[in-house]
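Only one structure is covered here, and it is reproduced in the block below.
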Amino acid sequence: MKVAKFGGSSVRDAQAMGRCMSIIENDPSIKLVVVSATYNSTNELEKLAIAARDRDEAFLKENLKLFLQKHLDIASNLKIEKSLHSAIDQLINELSEELKQISQLGLLSPQAMDSLYSYGERISSWLFAEGFKSRGRKELQLIDARDVITTDNTHNSAKPIIEQIRINAQEKISPLIKTHLIITQGFIGKTEQGATTVLGREGSDFSATLFGEAIGADVVQIWTDVPGVATADPRLVKEARYLSELSYEEATTMASLGAKVLYSKTLEPAERSGIKVFVGSSIQPELGGTYITSTPSSDSADIIGLTFKKRGDESVITFIGKDLRKIDLEIPEVDRGDIHRSFLVDTSQLDQLLIDWHQRFFQK
Ligand code: ADP
Ligand code: ASP
Ligand code: MG
83 MKVAKFGGSS VRDAQAMGRC MSIIENDPSI KLVVVSATYN STNELEKLAI
133 AARDRDEAFL KENLKLFLQK HLDIASNLKI EKSLHSAIDQ LINELSEELK
183 QISQLGLLSP QAMDSLYSYG ERISSWLFAE GFKSRGRKEL QLIDARDVIT
233 TDNTHNSAKP IIEQIRINAQ EKISPLIKTH LIITQGFIGK TEQGATTVLG
283 REGSDFSATL FGEAIGADVV QIWTDVPGVA TADPRLVKEA RYLSELSYEE
333 ATTMASLGAK VLYSKTLEPA ERSGIKVFVG SSIQPELGGT YITSTPSSDS
383 ADIIGLTFKK RGDESVITFI GKDLRKIDLE IPEVDRGDIH RSFLVDTSQL
433 DQLLIDWHQR FFQK
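Going by the numbering used here, the sequence shown wraps up at 446, each residue one higher than the last.
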């Protein structure tokens with residue numbers, strides 16, 4: 083049984099959502115689908131929230147309209163019946179009401195922000211489910227992730243309560259999953275008292291493995307805009323090479339030290355429950371991707387990856403690998419572990435250093 087998660091760029095418009103639906107149609111072992119908000123929507127919700135707090139009426143009016151229109155366009159292009167589009171209007175009206183309350187208070191609490199965040203994933207998952215139905219998929223059920231992902235009340239980066247999630251999944255998902263494809267949201271959860279929470283920005287990957295663990299999946303697929311985890315961010319380092327295999331430890335180290343392709347906590351449930359995690363491109367699924375498992379990567383290279391974190395004028399570049407002894411750099415080493423070594427660099431030199439070091443240490 084597989085869980086498939088589709089990130090923001092994978093569901094950015096009707097055509098992109100269609101590619102995700104083809105992936106699902108081609109693999110009947112995908113039983114549960116986790117979707118992110120459409121591309122950039124979470125950032126847009128943050129901007130709306132700040133405008134509400136600052137009572138910037140003109141910005142709110144204009145951008146709420148654009149937010150609504152963008153999603154109505156996707157609904158039309160997915161050929162979702164017009165009579166159903168009122169569901170989107172309703173969600174946007176609710177969102178608008180919450181923004182009004184923030185304006186009245188002149189205050190944006192972390193709790194209020196979490197509630198606002200939820201609209202991104204709630205709208206995209208509704209579009210995905212209805213769009214899939216209009217494409218002919220019959221046995222399909224949209225469920226609210228908040229009814230399954232119970233968390234503590236640390237708003238903006240809530241901690242999941244694993245035992246409760248398992249119980250919820252038994253109750254809400256098990257009765258349906260044999261006969262229905264389940265569609266749900268990434269990122270969002272709910273406290274035991276009923277308040278909406280989120281797992282942290284970029285946290286939908288983590289939702290996917292939490293769902294995978296709760297339903298006993300053996301594979302979780304993270305579908306994004308690149309065909310796997312690469313030796314370095316392929317956006318900056320054109321020569322970066324995609325890795326066919328990684329261990330949980332290697333992938334977690336890369337994610338927590340800067341590789342944006344995976345949220346850092348994603349591998350926790352996977353490792354705990356022995357779930358294989360696949361990372362691939364929804365744009366070009368035929369390219370394959372990276373498999374993350376308990377077995378160390380079979381890649382023979384000693385140095386596996388290069389990550390970075392920007393921190394103002396200074397940045398940290400980290401090498402990840404099995405044997406990093408041959409890395410000899412005349413600059414401050416700021417951290418070192420069993421499989422990583424981190425170096426402090428000038429942010430103005432970051433991009434060039436990534437390219438240079440990749441060439442120097444990764445060329446076979
Ligand atoms: P999604 O919206 O699907 O969650 P993200 O933007 O969070 O996608 O992650 C994908 C992006 O991660 C890629 O476009 C790529 O630029 C970036 N990235 C950073 N480091 C790496 C890496 N080592 N391997 C692959 N992608 C990486
Ligand atoms: N939509 C959320 C974000 O952009 C979660 C995610 O996509 O992973 O942070
Ligand atoms: Mg992501």
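Backbone N, C-alpha and C fix where the C-beta goes; we use that ideal spot for every residue, glycine too.
Shortest gap from the CB of Gly-419 to any heavy atom of the ligand MG: 7 Å or more. Taking Pro-192 as the centre and dropping the five residues before and after it, the same chain places the C-beta of His-237, Asn-238 closer than 6 Å to its C-beta, in chain order. DSSP places Glu-179 inside the alpha helix (DSSP H), whose first and last residues are 168–187. Residue pairing by DSSP places Gly-387 opposite Ile-402 in a beta bridge.
Partner residues in the beta bridge of Pro-242, as assigned by DSSP, are Thr-233. Tyr-199 has its CB no nearer than 7 Å to any heavy atom of the ligand MG. Of the heavy atoms belonging to the ligand MG, at least one sits nearer than 7 Å to the Cβ of Tyr-345. For His-422, the uninterrupted beta strand (DSSP E) run begins and ends at 422–428, by DSSP. C-alpha of Leu-190 to C-alpha of Ala-277: approximately 15 Å in a straight line. Here Thr-313 is buried: its Cβ has 16 or more other Cβ atoms, across all protein chains shown, within 10 Å.
If you look at Tyr-373, you'll find it in the beta strand (DSSP E) that goes 371–375.
For the 8 Å CB-CB criterion, Pro-309 and Gly-362 form a contact. If you check the C-beta of Met-336 against the ligand ADP, you find a heavy atom less than 7 Å away. Here Gly-282 carries a coil assignment [DSSP, helix/strand/coil]. In the structure shown, Thr-335 falls within a helical segment according to DSSP collapsed to helix, strand and coil. The region 109–122 and the region 160–168 do not touch, with fewer than three beta-carbon pairs separated by less than 8 Å.
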